[in-house]
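Undergrad: Counting from 1, position 450 in the sequence shown corresponds to residue 994 in my numbering; the numbering is continuous, with no gaps.
Glycine included, each C-beta is placed from N, C-alpha and C at the ideal position.
Since this is a predicted model, take the numbers as computed values, not measurements.
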Amino acid sequence: MGKRAIRERGRRTGDGHDGETATEVPGGEVRPETGPELERPHRQEVSDAEDVSPVEALVEDAIGELQAREAREREVSDRVDDALAELADIEENEGRERGKTEESFEGKEEHARQKREFGEIGTKEEFDVALSYHPEVELKKSFQEQLEEVVDYYNGNACEKPSLLSDLEYLELRRKYVEANGGLPDIEMDSIQDLNELIKKHRGDEPVCEKSYEQAETYFQIRNESGKSQHQLAEEYDCSQSKISNIQRGVEIGLIKDMRKTEEDEIIREWARGQDVSSEDSVREYEEPTMPIGQTGVYRVSPEVLRDSFVHVDSGEISHCDVVDAIEKMHSRMESSDSRVILADLSKSGLGPEELSKLRDSFTDERMLVNETVRERIGVEQARVGLVDDRLYVWIPHVTPNDMVSVWHTEYYYFESRDMASIVDEVGSNLELGDSRLEKLNNINELMNQMIHVDVPGNAVKIDGSRSRMSGEAVHLLRDVIDLGNKELESKVTKVTGINGHGGLVRPRLLEGKELETWRAGFIGAAVSDCHLRPKDSIVEYYEESLERLERFRGRLRELGQFENEPEYIERDRVYRLKLPNPYGRALIVWGVASGDKTIQNRGLSLDFREWSPEAKCRYSSEMTAEEGCISSGRCIWPRSNAVQLGTSKAAMYQFQTSLSSDEVQLIKDRGIRWSGDFEGEKNIPLGLIDALKKDSDSHVSEVANRLEESIMKNRNRLIDDERDLHADLGIEVTVKPVEITLYELSGRVSVKWEAKTSSAESTIRLAILCPPNHPEKEVALKKWLSTRKPEDIQRVLEEIENEGFDVSNDWRDYVT
C-alpha cells in the first residue's frame, strides 16, 4: 500500500487523532486496539467527524455498541449450546446415571480440559496462580468487584467470560511465550517500508491517521540520520532534543509501537495454537515469590515512651519544636537498637483528637524544618520524617560512597512485578500501612512523597508488569525497613536506569564496603583522565586509542553490571569512543568527579581518598597511569592541566574568578612561543622561559614574570597534588611541577600544564611492582625498562614491599624474580 493511499484513508478519520480506540488493561496501561489481538474485546470504528453530525455520531456509536453486544451474546449462547451438547454426548456415551461416580466426574473434567485452548485459565486455582505473576492487576480500583465476577463465573453463576479473566489470559499468554522463547517475537521494524507491510497485513483498507503516519515517517528519517548533533536534528525537525535522544535510542512512537504489538500478538497466538494443552499444568502449585525477606528493621516506640515523649506538649499550641523534642526523646530511648527506621503510633501518645490535629498541621507546614532540626539534634548526616494518618516515621539513612544503594539514590530500580509486590506487602506490614496491597502501595507512596525526592508525586514505587520500578531513595528506605542485604536485593533487581526505563545496567551488582571502594577507585582513576562526563544526561564518554586497553576497561565496568554499548571509531581523532550508561555517570557525580570541563573546575580527589585501602590506592594508580602515564628514562610521568583565566562566556557559566592580571596575560601574548603546527592563536611559555623573563633587563618584564610565577603557584592543580599524596601513602615518591603556561587567544583561556614524575628509579620499580599500568603497551614498556635494572635492586624493593604487608600479584612476582 502506498503512502498516498494510507494518508487518504487517514484523512477520513477527520478528528486529528490516531483514529483508534483504546482499552484499559490491568496496571493502568492504556492499550490501543490496532488489529487482531489475543482475545480482546471487538474494536469499534471511529465515526467520520467531517460528514456526520455529533448527534448522528452518538447514535451510530450506540448502534455499534448494541450490535457488538448482540454479537457477543450470540457467541456466548452458541458456546453454551455447544457445551450442553458436549455434556449430553458425554452422559450418553459413558452411560452416566443420576448418582454419577467420582470417576465419571473426573473423566468429564479431563475431557473438558483437553477441549480447551492453550492459555485458557480453566479453574479458580489456575486463576490464582496466574494472578500471582501479574500483581499489578490487583491494583485496579475495581479489582474486588471484578474478582467477584470471576468467582461467579467459575461457580457456574455466569456464562460470559469476565473481562478480568480475559485480560489475565492475555497477560499470561505473553508471559508464557517469553518464558518459552526467551523474549517477545523479534519484529523487523527498521524502515517505513516495514511499517507499511504491517499496516497492509493487519489493517487492510482501514484508515490510518495521517498525523500518526507522518510522525512515523519522521521517526525513521531521524533514525537514519548520521553526522548531525542532537541539537541540529532538533532544529531541523522542530522537536525537542530529548525526543531526538529517545528516537536515537529506539524508543518507538504510537503507530510503530501499535503495529509491532499487533504483529507480536498474532505470532504469539499462532504459537499458542501449536502448543499441546496436555503439556500445560492445569493446576500448578502456587509459588510464593522467592524474594528473600530479612527481619524487620523497624523500631516501634512503646506506648510508655510515647507518652513520656509528648508529656511536655501544651494543648493550647503545638509547634514543630514540640515534634522535634518528642523525636529526640524517642531516639535517645532506642538504646542499642541498630534500626534506622522509627515508627511511633501517635494514637497511643496520650494526645487527644484536637492535639493530634494541631500536630499534623504543624508538621505539614514545617516538615523540612523538622527534618533539618532533627538531623542537628541527634547528630546524624541525614534524617527524614514522615506522617501517615496518626503514625510518625523517622528514617536515619546511612549515606556512604561505599554502598551502591546509597550511591544510586537518583536512579530507578526495576523488578519483576511479583518481587515488587512481595516487597510492598512486606514493607506495608512492617510499617502498618494498611491491609490490602492497594492500600499499602498508596500509603507507601504517600510516605515517600514526604521522605524522599520524587520526580513524579505518588510514583516512587510502581507495580506495573515489566515496568515495575522503585526510585533509588525508596529502595534505600525499604531495604532498611525489611533489613535486607545488598546481595539478596541485587538478585531481584533486573535493571538500574532512569525513570523512562531505557538503557541502563542490566542485572546490576550492588557492591558495598571494601569491594566497592577498590572498584570505584579504579573507575575514578580512568574517569578523571580519559573520560568526559556530560552534565545534561550523566552519560560518560570514554576515549582510548588502544582497543585492547578499551576491552580491559570494559571488563572492569561490567563488574558492576551488563550493558550493550559498543565502541565506535572516531576517524578524525583516531580514537575509539565508548558511551557508558548514565548509572556510571551518576555514580561519578556522587564520588566527586566533575561533569563538564574538568580543566576549569580543577577538582581534586574525593575527600576520603587518604582513607582508601592500599588495594584501592593501587587500583587508582593502575587505571590512571594506563590512561595518562608514560614510561620515559626510567620514570613514570603523567600530566594534568587547570585553567587560570577564561573568556567572558565560560567565566560566567562556571562562575570562574580569573587569577591573572592584564599585565600577566599581555606578557604571555608578547613573549609566548607559537610552536609550529599548534592550534591557531596558541601561545606557550615554558617554565624555563619564565625563569629567563624573571631576569630580563626590563624591570617591568621581570616584575610581571615574577607575579606570573606566583599566580601559577597559588593556583596549583588540585588533582595532581592529591595523586602525589596518594602515591606517597604507597611509598612511591612523586615530584610535581608546572611545565608550561598556554594562552588560547581566540577564546581568551589561559591554562597551566603540570607534570608528575616518579622521583627515582627505586620509586619507578616500586610503582611497577605495586600498581603497574593496566595497559598492554605500557606494561611491556615498563617490563622492558625493568629488564635493564640490576636484579638485586629489584629484589630489595620487592622485599621492602612484602615486609610492609602489601600484596604482590603472582605475574609480577614471577617477572621481577
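Three-state secondary structure (DSSP) at L1270?
TA: If DSSP states are grouped into helix, strand and coil, L1270 belongs with the helices.
Undergrad: What are the partner residues of T1302, as DSSP defines its beta bridges?
TA: Note: T1302 sits in a beta bridge opposite V1278.
Undergrad: Return the CA-CA distance between D802 and L1054, expressed in angstroms with no decimal places.
TA: Their Cα atoms are separated by approximately 36 Å.
Undergrad: Under the DSSP definition of a beta bridge, which residues are partnered with R1184?
TA: According to DSSP, R1184 bridges with W1298.
Undergrad: Quick one: residues in its chain with C-beta nearer than 6 Å to the C-beta of T917, no 5 flanking neighbours on either side, listed in chain order?
TA: V868.
Undergrad: Take S893 as the anchor and find which of R851, Y1113, E693 and V932 has the nearest alpha-carbon.
TA: Nearest C-alpha to S893: R851.
Undergrad: Quick one: what's N1228 bridged to in DSSP?
TA: DSSP output for N1228 lists I1217 and T1286 as bridge partner(s).
Undergrad: Out of curiosity, what's the CA-to-CA distance linking K1328 and S1177?
TA: Each residue's alpha carbon lies about 12 Å from the other.
Undergrad: Using only CA atoms, which one of G1047, D1269, E680 and A1272 lies nearest to Y956?
TA: Out of G1047, D1269, E680 and A1272, G1047 has the C-alpha closest to the C-alpha of Y956.
Undergrad: Tell me whether C1315 sits in a helix, a strand or coil according to DSSP, three-state version.
TA: Coil, per DSSP.
Undergrad: How many angstroms separate the CA atom of L1330 from the CA atom of I1338?
TA: The straight-line gap from Cα to Cα measures roughly 8 Å.
Undergrad: Indicate whether at least one CB of chain C lies closer than 8 Å to the CB of H678.
TA: Protein chains in the displayed structure number just one, and chain C is not present.
Undergrad: Quick one: which unbroken beta strand (DSSP E) runs of 3-plus residues sit fully inside the stretch 735 to 778? Chain order, please.
TA: Those beta strand (DSSP E) runs which fall completely within the stretch 735 to 778 and span 3+ residues do not exist here.
Undergrad: Within a Cβ cutoff of 8 Å, which residues of the same chain sit near G1042, ignoring the five residues on either side of it in sequence?
TA: Hits under 8 Å: E955, Y956, G1048 and N1126.
Undergrad: With DSSP as the reference, label G1129 as helix, strand or coil.
TA: Three-state DSSP puts G1129 in a helix.
Undergrad: Tell me which same chain residues have a C-beta within less than 6 Å of the C-beta of D1024, skipping the five on either side of it?
TA: Only G841, R884 and V885 meet the Cβ criterion.
Undergrad: With distances taken Cα to Cα, identify the nearest neighbour of E713 among H1076, V1209 and H678.
TA: Considering only alpha carbons, the answer is H678.
Undergrad: On the DSSP letters alone, give me the boundaries of the beta strand (DSSP E) that G930 sits inside.
TA: Run containing G930: R928 to V932, per the beta strand (DSSP E) assignment.
Undergrad: Taking 7 Å as the limit between beta carbons, can you name the residues of its chain near K1058, skipping five residues before and five after?
TA: Cβ neighbours of K1058 beyond the five flanking positions: S1157.
Undergrad: Please name the residue or residues paired with M1014 in a DSSP beta bridge.
TA: Bridge partners of M1014: Y957 and V1005.
Undergrad: Which residue comes first and which comes last in the beta strand (DSSP E) that contains K1123?
TA: Where K1123 is concerned, the enclosing beta strand (DSSP E) stretches over V1119 to L1124.
Undergrad: By Cβ distance, which residues of its chain are closer than 8 Å to V1037, with the 5 residues on each side in sequence left out?
TA: Around V1037: Y957, Y958, F959, R1051, P1052 and L1054.
Undergrad: In the DSSP output, which residue or residues are listed as bridge partners for V1000?
TA: DSSP, once it has assigned bridges, lists no residue as partnering V1000.
Undergrad: Taking the C-alpha atoms as reference points, what is the distance between V752 and M995?
TA: Distance between the alpha carbons of V752 and M995 is about 47 Å.
Undergrad: Report yes if the C-beta distance between T1168 and S1073 is below 8 Å; otherwise report no.
TA: It is worth fixing the name first, because residue 1168 is Met in this sequence and not Thr. In this structure, S1073 lies closer than 8 Å to M1168 by Cβ.
Undergrad: Going along the chain, which residues of its own chain have a beta-carbon closer than 6 Å to the beta-carbon of L903, five neighbours each way excluded?
TA: These residues qualify, in order along the chain: I862.
Undergrad: Would you mind reading off the limits of the beta strand (DSSP E) that contains A888?
TA: Note, A888: beta strand (DSSP E), V885 to D889.
Undergrad: Between S1304, I731, E1254 and E1172, which has its C-alpha nearest L1263's C-alpha?
TA: Nearest option by C-alpha distance: E1172.
Undergrad: For I1175, list the residues DSSP reports as bridge partners.
TA: Per DSSP, C1180.
Undergrad: For the beta strand (DSSP E) containing E1112, list its first residue and its last residue.
TA: E1112 to I1114 is the span of the beta strand (DSSP E), which, as asked, contains E1112.
Undergrad: Quick check: the Cα distance between A724 and G663, rounded to an integer number of angstroms?
TA: For A724 and G663, the distance between alpha carbons rounds to 13 Å.
Undergrad: May I ask you to report which of helix, strand or coil DSSP gives R1343?
TA: Arg is not the amino acid found at residue 1343; the sequence shown has Glu there. Helix at E1343.
Undergrad: Which one of V673, R1130, V1324 and V849 has the shortest CA to CA distance from L890?
TA: Closest option to L890, Cα to Cα, is V849.
Undergrad: From A1272, K668, L1233 and V1000, pick the residue whose C-alpha is nearest to that of K705; which is it?
TA: Comparing Cα-Cα distances from K705 to each of A1272, K668, L1233 and V1000, the minimum goes to K668.
Undergrad: In this structure, does DSSP put H678 in helix, strand or coil?
TA: If DSSP states are grouped into helix, strand and coil, H678 belongs with coil.
Undergrad: How would you write the range of the alpha helix (DSSP H) that H1244 sits in, first residue to last?
TA: Note, H1244: alpha helix (DSSP H), S1243 to K1258.
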